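Peer 1: Chains as they are written, first to last, in numbering that gives the first Met the number 0: chain A, 0 to 144; chain B, 0 to 144; chain C, 0 to 144.
C-beta: ideal position from N, C-alpha, C; glycine also.
In this text, all values refer to a predicted model and were calculated from it rather than measured experimentally.
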Amino acid sequence: MSMLHQSQLMVSTGGRGFFEITDKVQREVERSGLCDGLCTVFVLHTSASVIITENADPDVLRDLESWISGVVRDGDPAFLHRDEGPDDMPAHVRSVLTQNSIGIPVRNGQLELGTWQGIFLWEHRLAPHRRRISLTLVGASTGPG
Amino acid sequence: MSMLHQSQLMVSTGGRGFFEITDKVQREVERSGLCDGLCTVFVLHTSASVIITENADPDVLRDLESWISGVVRDGDPAFLHRDEGPDDMPAHVRSVLTQNSIGIPVRNGQLELGTWQGIFLWEHRLAPHRRRISLTLVGASTGPG
Amino acid sequence: MSMLHQSQLMVSTGGRGFFEITDKVQREVERSGLCDGLCTVFVLHTSASVIITENADPDVLRDLESWISGVVRDGDPAFLHRDEGPDDMPAHVRSVLTQNSIGIPVRNGQLELGTWQGIFLWEHRLAPHRRRISLTLVGASTGPG
């Protein structure tokens with residue numbers, strides 16, 4: 000039985016950093032009734048990313064942040080676009096270097112993720128923001144056909 | 000009513016730079032009759048990208064280009080692959096660092112984009128090219144079920 | 000006739016490097032009976048990527064590897080996460096900078112790829128690994144409707 004389900008998640012960030020959303024996305028998969036198919040996670044902003052990375056050791060997240068901060072420098076004088084401060088343009092560069100949208104398989108009602116894979120919103124702005132994430136689920140439902 | 004629609008867009012680039020395709024993709028969504036679902040934008044080349052970034056201030060695009068030019072240098076003597084010139088291998092690196100394919104939600108016949116999000120073809124080669132973009136739309140149509 | 004097909008590929012890597020999987024993915028498209036739709040290739044690991052790049056000149060792959068090795072350095076003393084060696088954290092950074100998931104159009108039973116596009120698993124760890132790739136195909140089948 001073919002189905003489509005769409006919804007939005009809101010994530011309140013405390014400023015730059017990683018916010019794991021794996022459980023929120025999984026709950027939405029369950030709420031939708033999708034059994035097998037594809038769940039596309041799309042962030043509705045140009046200064047935050049959705050990424051998948053290791054969710055066991057928090058040092059991985061610290062290292063991702065420190066690495067990218069070294070390569071895309073806040074306050075880089077080469078940037079012309081700085082309306083909203085020294086982290087404005089770096090946030091757009093980080094967004095383009097990572098991902099806006101990830102398609103994740105769903106099997107038997109579960110996100111099919113590797114053992115260490117977690118889904119994260121990566122907030123690139125220094126100040127807290129409310130971020131909207133759009134979910135689109137397509138595939139076959141568990142319901143009576 | 001389940002539906003599938005596929006088509007190609009052609010984009011003539013004037014050489015390295017950004018070419019916004021949001022309106023072209025939106026028009027194809029309308030032409031397809033898709034009401035709710037997923038629109039996947041796929042670029043059929045290895046030296047151009049599809050990205051989503053801010054489409055209000057053109058300085059954002061200039062800064063993206065200047066940032067990546069500083070990190071992936073044209074004519075870098077470390078590159079072995081330079082059959083087509085000093086921008087050949089840098090174009091492949093830029094392509095791998097960004098995206099070939101983006102899945103974008105469609106709701107009520109509209110691409111569901113954030114306020115500042117635009118879809119762009121990013122031409123990485125210095126010379127003008129004709130670039131092909133493939134669109135795949137899946138979901139529910141507006142037509143009579 | 001609407002269809003969904005899911006399966007996994009295993010890729011045994013000989014350590015860091017590129018392993019082309021275009022033919023394997025194409026064979027799975029054929030086995031599934033998908034005529035037109037979308038094939039999503041998803042890697043179930045946080046230290047390997049799926050990418051699309053030029054598959055004609057092997058120098059392109061050598062240059063991609065040498066470029067990223069220069070930007071994300073093995074044994075970088077700034078990295079805290081090094082449980083599994085000097086290539087552990089760099090593998091996570093490389094994964095986040097590239098892609099976990101690619102949606103590829105399928106038309107008339109064939110992956111719709113540009114002339115020079117190949118699909119690759121990029122192993123970022125130095126040691127050989129067995130990597131799992133999940134495929135999700137949605138669309139219209141060739142079978143009798």
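Quick one, which of 47(B), 108(B), 62(B), 107(B) has its alpha-carbon nearest residue 76(A)'s?
Peer 2: Of the candidates 47(B), 108(B), 62(B), 107(B), the one whose C-alpha sits nearest the C-alpha of residue 76(A) is 62(B).
Peer 1: Does the distance from the CB of residue 92(A) to the CB of residue 71(A) come in under 7 Å?
Peer 2: Yes, Cβ-Cβ distance for residue 92(A) and residue 71(A) is below 7 Å.
Peer 1: Would DSSP call residue 72(A) helix, strand or coil?
Peer 2: Coil.
Peer 1: In terms of alpha-carbon separation, which member of 115(A), 60(A), 28(A) lies closest to residue 133(A)?
Peer 2: Nearest of 115(A), 60(A), 28(A) to residue 133(A), Cα basis: 28(A).
Peer 1: Under the rule that 16 or more other beta-carbon atoms within 10 Å means buried, what is residue 11(A), buried or exposed?
Peer 2: So residue 11(A) ends up on the exposed side.
Peer 1: Say whether chain C places a C-beta atom closer than 7 Å to the C-beta of residue 77(B).
Peer 2: By this cut-off, residue 77(B) is an interface position.
Peer 1: CA-CA distance, residue 131(A) and residue 43(A)?
Peer 2: Their Cα atoms are separated by approximately 6 Å.
Peer 1: Quick check on the DSSP output: the alpha helix (DSSP H) that includes residue 29(A) runs from which residue to which?
Peer 2: Start and end: 21-31.
Peer 1: Given that residue 88(B) touches chain C, what residues does it touch there, using C-beta distances under 9 Å?
Peer 2: Those are 58, 59, 62, 63, 66, listed as they occur along chain C.
Peer 1: Looking at chain C, is there any beta carbon in it that lies within less than 7 Å of the beta carbon of residue 137(A)?
Peer 2: It does: the Cβ of residue 137(A) has a partner Cβ on chain C nearer than 7 Å.
Peer 1: Mind checking if residue 41(C) is an interface residue toward chain A, Cβ cutoff 7 Å exclusive?
Peer 2: Taking Cβ atoms only, chain A reaches closer than 7 Å to residue 41(C), which makes this a yes.
Peer 1: What does the alpha-carbon distance come out to for the pair residue 2(C) and residue 3(A)?
Peer 2: So the alpha carbons of these two residues sit roughly 13 Å apart.
Peer 1: Count the other CB atoms, across all protein chains shown, that sit within 10 Å of the CB of residue 36(A); report buried if there are 16 or more and exposed otherwise.
Peer 2: Buried, since its Cβ has 16 or more Cβ neighbours within 10 Å.
Peer 1: Between the beta-carbon of residue 101(B) and the beta-carbon of residue 94(A), is there less than 7 Å?
Peer 2: No, the Cβ-Cβ distance between residue 101(B) and residue 94(A) is not below 7 Å.
Peer 1: Are the beta-carbon atoms belonging to residue 136(A) and residue 31(A) less than 7 Å from one another?
Peer 2: In contact: residue 136(A) and residue 31(A) (Cβ atoms closer than 7 Å).
Peer 1: With a Cβ-Cβ cutoff of 7 Å, do residue 115(C) and residue 50(C) count as a contact?
Peer 2: Not a contact, by the Cβ cut-off of 7 Å.
Peer 1: Assign residue 127(B) to buried or exposed, taking buried as 16 or more other Cβ atoms, counted over all protein chains shown, within 10 Å of its Cβ.
Peer 2: It is exposed - the Cβ of residue 127(B) has fewer than 16 other Cβ atoms within 10 Å.
Peer 1: Beta carbons nearer than 8 Å to chain B: which residues of the region 19-31 of chain C have them?
Peer 2: Answer in chain order: no residues at all.
Peer 1: Taking residue 109(C) as the query, report the chain A residues whose CB atoms sit under 9 Å from its CB, ordered along the chain.
Peer 2: Within chain A, no residue comes near residue 109(C); the closest Cβ sits about 20 Å away, beyond 9 Å.
Peer 1: Does residue 9(B) pass the burial test, meaning 16 or more other C-beta atoms within 10 Å, or should it be called exposed?
Peer 2: When all chains shown are included, residue 9(B) counts as exposed.
Peer 1: Which residues in chain C have a C-beta closer than 8 Å to the C-beta of residue 96(B)? List them in chain order.
Peer 2: Within chain C, the residues near residue 96(B) are 96, 97.
Peer 1: With a threshold of 7 Å between beta-carbons, can residue 12(C) be considered close to chain B, or not?
Peer 2: No, residue 12(C) lies away from the interface with chain B (no Cβ there is under 7 Å from its Cβ).
Peer 1: Quick check on DSSP: helix, strand or coil for residue 63(C)?
Peer 2: Three-state DSSP puts residue 63(C) in a helix.
Peer 1: State yes or no: is the beta carbon of residue 120(B) nearer than 7 Å to at least one beta carbon in chain C?
Peer 2: No, because no Cβ of chain C sits closer than 7 Å to the Cβ of residue 120(B).
Peer 1: Measuring only the C-alpha atoms, how far is residue 87(B) from residue 52(B)?
Peer 2: In a straight line, the C-alpha of residue 87(B) is about 24 Å away from that of residue 52(B).
Peer 1: Does the CB of residue 115(B) have a neighbour CB from chain A at under 7 Å?
Peer 2: Chain A contact via Cβ: present.
Peer 1: Let me make sure I understand the geometry here. Which of 64(B), 109(B), 117(B) has the alpha-carbon closest to that of residue 90(B)?
Peer 2: Looking at the Cα atoms, 64(B) is the closest of the given residues.
Peer 1: If I follow the unbroken beta strand (DSSP E) through residue 91(B), where does it start and stop?
Peer 2: Per DSSP, residue 91(B) belongs to no beta strand (DSSP E); it is in the alpha helix (DSSP H), 87-96.
Peer 1: Where does residue 58(A) fall in DSSP's three states?
Peer 2: If DSSP states are grouped into helix, strand and coil, residue 58(A) belongs with the helices.
Peer 1: Taking the Cβ atom as the reference point for each residue, do residue 103(A) and residue 110(A) lie within a distance shorter than 7 Å?
Peer 2: Contact: yes.
Peer 1: For the beta strand (DSSP E) containing residue 119(B), name the first residue and the last one.
Peer 2: Looking at the DSSP string, the run of the beta strand (DSSP E) that includes residue 119(B) is 116-122.
Peer 1: When you compare the CB positions of residue 119(A) and residue 17(A), do they come within less than 7 Å of one another, or not?
Peer 2: In contact: residue 119(A) and residue 17(A) (Cβ atoms closer than 7 Å).
Peer 1: Should residue 54(C) go down as buried or exposed, given a rule of 16 or more other Cβ atoms within 10 Å for buried?
Peer 2: Residue 54(C) comes out buried.
Peer 1: For the beta strand (DSSP E) that residue 79(A) lies in, which residues bound it at each end?
Peer 2: No beta strand (DSSP E) contains residue 79(A), which DSSP labels as neither H nor E.
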